[in-house]
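The block underneath contains the structure these notes are about, expressed in structure tokens.
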Amino acid sequence: MTDHKAHLTINGTVLYRWLLTERRRLAQRLVRQFGREIPAYQRLPDSELINISRATETNLQVFAQSLRDRTSPDLADLAGPITTSAAQRAGEGFPLDAVMAAYSTGMLETWRAMVTDARPEDFADVLACTELVLGYIQRACTAVAAAYLEERRRMDSDEQHRRYTLFSALVRGEPPEGPAARAGIQLPERYLVLSLTFEQHTDERVAGVGAAMAAQRKVYRATEVLRRSAGDGVLSLLDPTGGTVLLPVTGTDWSALVAEVGAATGVPVRAAGVLAEPAQVAPATQQTAEMLELVVALGRPPGLYQLADVLLEYQLTRPSAARDELGRLLAPLEQHPDLLSTVETYLRLGLDRRRTATTLHLHPNTIDYRVRRAVALTGLDPADPQQLQQIGAALVIRRLGQRARAARR
Numbered sequence: 001m002t003d004h005k006a007h008l009t010i011n012g013t014v015l016y017r018w019l020l021t022e023r024r025r026l027a028q029r030l031v032r033q034f035g036r037e038i039p040a041y042q043r044l045p046d047s048e049l050i051n052i053s054r055a056t057e058t059n060l061q062v063f064a065q066s067l068r069d070r071t072s073p074d075l076a077d078l079a080g081p082i083t084t085s086a087a088q089r090a091g092e093g094f095p096l097d098a099v100m101a102a103y104s105t106g107m108l109e110t111w112r113a114m115v116t117d118a119r120p121e122d123f124a125d126v127l128a129c130t131e132l133v134l135g136y137i138q139r140a141c142t143a144v145a146a147a148y149l150e151e152r153r154r155m156d157s158d159e160q161h162r163r164y165t166l167f168s169a170l171v172r173g174e175p176p177e178g179p180a181a182r183a184g185i186q187l188p189e190r191y192l193v194l195s196l197t198f199e200q201h202t203d204e205r206v207a208g209v210g211a212a213m214a215a216q217r218k219v220y221r222a223t224e225v226l227r228r229s230a231g232d233g234v235l236s237l238l239d240p241t242g243g244t245v246l247l248p249v250t251g252t253d254w255s256a257l258v259a260e261v262g263a264a265t266g267v268p269v270r271a272a273g274v275l276a277e278p279a280q281v282a283p284a285t286q287q288t289a290e291m292l293e294l295v296v297a298l299g300r301p302p303g304l305y306q307l308a309d310v311l312l313e314y315q316l317t318r319p320s321a322a323r324d325e326l327g328r329l330l331a332p333l334e335q336h337p338d339l340l341s342t343v344e345t346y347l348r349l350g351l352d353r354r355r356t357a358t359t360l361h362l363h364p365n366t367i368d369y370r371v372r373r374a375v376a377l378t379g380l381d382p383a384d385p386q387q388l389q390q391i392g393a394a395l396v397i398r399r400l401g402q403r404a405r406a407a408r409r
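Position 238 (the sequence shown) corresponds to 238 in UniProt numbering; numbering is contiguous.
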């Protein structure tokens, strides 16, 4: 039997070979069409469309095998990247109807691309190709829907409730042994208690359903990174702004893990971490929340911070009469926001008048004048090492006070 007769062929072209050759270009074309015809795809960022293009290419490769073998794929053929992609869409809150629409649209356009040059003598192969397309849509949609719904069930399951009960017991300082047994989790000797804050993704700033999907996608991806690193023992309560995570202590590079969360979510991530035995998780949770607030108030860059990284500032901002007195040192500048801003920038840039001038778009002489005015009003000179520490502490206390007042509004 010749190759022409053995394989489905249209206008002299063996279909499965054509599809294997063209699958990447065709996948990219299909994803562009999804964006035009399916509203949910219009709200996705470019990085996500690239992932969908790869999944589409995998689908086309599987279908090419169906064309070669002239049989519909079984579930084993569809497992792996295809069902994994469906589960990811579920975790990110992507609508199931949009996923299914993409499969039917994609296969319809693939069929059109294959048969557009058909000749009358190709009728039998066109009919066979059409039957394979319909069979593939039926099998693929069944597998995709099952994977999607399974992931949604996993997210909403009783297991999640039992894990949350254990998490709550730990962060409230309640005995965790009972909840741990019911959740089937062995308590580790120690946890890394993390408080995290996520900045807003650019897609969250667009009004509508797309913003909500972007927010859920961010939480899902952060959770997946943590779960892959620490396994099923990780406990977390996250929302689009951040939250608390309890990670069993292993040999993980925690700083690298926080960086990986930032890369996966596409936003800057700041975290404060403290090691604690299960019985000490509650006070550690409070401490990391305070540390994280301090990190944000200080304008520190994204990354993981431990107590040693903010030790002086943390101690200075603990409630005390000394803290209140420090907070009043810069009160004379409250009526002079230009002076206060200049002093703050001047200290942040290491007392470099030229960098301060560049940052504030001022002449260096103006910086000198403003610093002298601030010294005259407060009696504190940043050129004096002891007074420099006092000014720095007062600025930290002031920033935290501003954040607390803003939170109460």
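Where a beta carbon is used, it is the ideal one built from N, C-alpha and C, also for glycine. Remember, predicted model here, so these are calculated numbers, not experimental data.
When the five nearest sequence neighbours on each side are left out, the beta carbons in the same chain lying within less than 8 Å of the beta carbon of residue 348 are those of 299, in order along the chain.
Burial state of residue 206 is exposed, judged by a 10 Å Cβ sphere holding fewer than 16 other Cβ atoms.
Measuring C-alpha to C-alpha distances from residue 383 to each of 399, 369, 373 and 351 identifies 351 as the nearest. The beta-carbon separation of residue 390 and residue 400, rounded to 16 Å, does not stay under the 8 Å limit for a contact. At a Cβ-Cβ threshold of 7 Å, residue 273 and residue 306 count as neighbours. Here residue 266 carries a coil assignment [DSSP, helix/strand/coil].
Contact between residue 258 and residue 271 is confirmed by a C-beta separation of about 5 Å, below the 8 Å threshold. Judged by DSSP secondary structure, residue 157 falls outside any alpha helix (DSSP H); it is assigned neither H nor E. Between the alpha carbons of residue 228 and residue 39 lies a distance of about 32 Å. Annotation: residue 56 is outside any beta strand (DSSP E); the continuous alpha helix (DSSP H) that includes it extends over 46-69. For residue 67, the CB contacts under 8 Å within the same chain, skipping 5 residues up- and downstream, are 7, 8, 15, 16, 19, 129 and 132 in chain order. Between residue 245 and residue 187, the C-beta gap is not smaller than 7 Å, which leaves the two residues out of contact. The way I'd put it, the stretch 170-188 does touch the stretch 281-293; three or more beta-carbon pairs between them come closer than 8 Å. Residue environment: residue 50 is assigned as exposed (fewer than 16 neighbouring CB atoms within 10 Å of its CB, all protein chains considered). Annotation: the continuous alpha helix (DSSP H) that includes residue 178 extends over 177-183. Take the alpha-carbon of residue 317 and the one of residue 393: they are about 8 Å apart.
With contact defined as three or more Cβ pairs closer than 8 Å, the stretch 325-332 and the stretch 355-370 are not in contact. DSSP places residue 238 within a strand segment (E or B) once states are collapsed to three.
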